[in-house]
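Chains P and W, in that order, are what the protein sequence lines are. Converting from the first sequence to the working numbering requires adding 34 to each position, the first position being numbered 1. Converting from the second sequence to the working numbering requires adding 34 to each position, the first position being numbered 1. All remarks here apply to the structure that follows.
2 protein chains.
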Amino acid sequence: MDEKNHYSISELASMLEISPSTIRFYEEKKLIDPERTSGNQRIYTRKDRARLKLILRGKRFGFSLDEIAEIIGLADVEVNEVSQIEKSLAYTDKRIAEIRARRSELDLLETDMIAMKDNLVKRLEEISAGQNEV
Amino acid sequence: MDEKNHYSISELASMLEISPSTIRFYEEKKLIDPERTSGNQRIYTRKDRARLKLILRGKRFGFSLDEIAEIIGLADVEVNEVSQIEKSLAYTDKRIAEIRARRSELDLLETDMIAMKDNLVKRLEEISAGQNEV
DNA sequence: AATAAAGTTAAAGTTAACTTTAACTATATA
DNA sequence: TATATAGTTAAAGTTAACTTTAACTTTATT
């Protein structure tokens, strides 16, 4: 039970290796909504930090901020309308399926990279073989 | 042994669900370099198509075109200098490690999405339970 | 209490990745 | 062979995702 529970914008920024203005930009885009101190400065909770990590993770997988906003929005649904929740549920299912598809794509990408590597290794071997023939 | 071996720009574009101008743009960025007909029109081989697929795949994983160019460049290295090949080899290893890191990130993303889903399911259950109490 | 460091907003600026446009050429079809 | 369809280049335009700037306020340090 160590670790802080609240962070200033620059603390959080350096933890996540992004700039404070990026964090403000995400707020402008409604991806986060931190509390404020009496003096109007932003305070971030662990939950805010988790959300930012999710945003950055989504980005690393090529999702746009708009898509990420949609995904995150699911956690925020205040609505208690069954139809709305069911709609969100269908959406999460679609996204989960997408993530699984990404995993097989990642396999393909890895295969391509390994093929490139093998190619380079082979080339090295050929060179040293040629060397011997001289 | 069916399937075509050569494609026009619009054929390839529709196969990959991108626009011809995107393909031309990638050429301008030196990511591909197709042959030309006598009348100067571009002809794409299966190899070109594979390369384009790799580009699109890289993009889906959040790589920039510059990074993709670097990765693709490895396949193009004409150089037979051992030191250069060794450098490229180190680079592929780094990228392969990165891909493996991405896989664990993908797991985290999936976990997050599943948590959201469970949350929605729970919410639905609460509503129908509440319903019964009325 | 003074001053430096960090935070605030609004607006303008930047860059990557395309897309559109315009003016022209090549190829396929009636 | 005419004409529609597809392709070509160069240049300008667009959008998402930030970054920078400027003028000001709050908080921390001496």
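Glycine included, each C-beta is placed from N, C-alpha and C at the ideal position.
Buried versus exposed, by CB contacts within 10 Å (16 or more), residue i
i, result
"P:Ala84", "exposed"
"P:Arg137", "exposed"
"P:Asp141", "exposed"
"W:Asp146", "buried"
For residue j and residue i, believed in contact at Cβ under 8 Å, the rounded distance
i, j, result
"P:Leu256", "P:Leu86", "What is shown of chain P runs 35 to 168, which leaves residue 256 of chain P out entirely."
"W:Ile148", "P:Ile89", "The Cβ separation is near 18 Å, so there is no contact."
"W:Leu154", "P:Thr126", "7 Å"
"W:Val116", "P:Leu158", "7 Å"
"P:Arg1", "W:Glu139", "The structure shown does not extend to residue 1 of chain P, since chain P spans only 35 to 168, so no value can be given for it."
Residue interval of the beta strand (DSSP E) (run including residue i)
i, result
"W:Ile77", "76-79"
Cβ-based neighbour list, residue i, same chain, cut-off 8 Å, excluding 5 preceding and 5 following
i, result
"W:Thr56", "Ala47"
"P:Glu62", "none"
Endpoints, the alpha helix (DSSP H) within which residue i is located
i, result
"P:Ile105", "99-110"
"P:Pro54", "54-62"
"P:Asn166", "116-167"
"W:Ile43", "43-50"
Same chain, Cβ closer than 7 Å to residue i, neighbours up to 5 away in sequence not counted
i, result
"P:Arg76", "Ile43, Pro68, Arg70"
"P:Leu65", "Ile89, Leu99, Ile102, Ala103, Ile106"
"W:Ile161", "none"
"P:Ser14", "Given that chain P is displayed from residue 35 to residue 168, the structure contains no residue 14 of chain P and the question cannot be resolved."
Top-ranked residue by Cα proximity to residue i, from the options
i, options, result
"W:Pro108", "W:Glu120, W:Ser98, W:Phe97", "Note that residue 108 of chain W corresponds to Leu in the displayed sequence, not to Pro. The shortest Cα separation from W:Leu108 among W:Glu120, W:Ser98, W:Phe97 belongs to W:Glu120."
"W:Arg80", "W:Glu45, W:Met150, W:Glu159", "W:Glu45"
"W:Asn39", "W:Ser72, W:Asp82, W:Asn74", "W:Asp82"
"P:Lys93", "P:Met150, P:Lys128, P:Tyr60", "P:Tyr60"
"W:Phe97", "W:Glu132, W:Lys156, W:Gln118, W:Asp152", "W:Glu132"
"P:Lys151", "W:Met150, W:Lys128, W:Asn166", "W:Lys128"
Close-in-space but distant-in-sequence residues of the same chain around residue i (CB under 6 Å, 5 per side omitted)
i, result
"P:Tyr78", "Tyr41, Leu46, Pro68"
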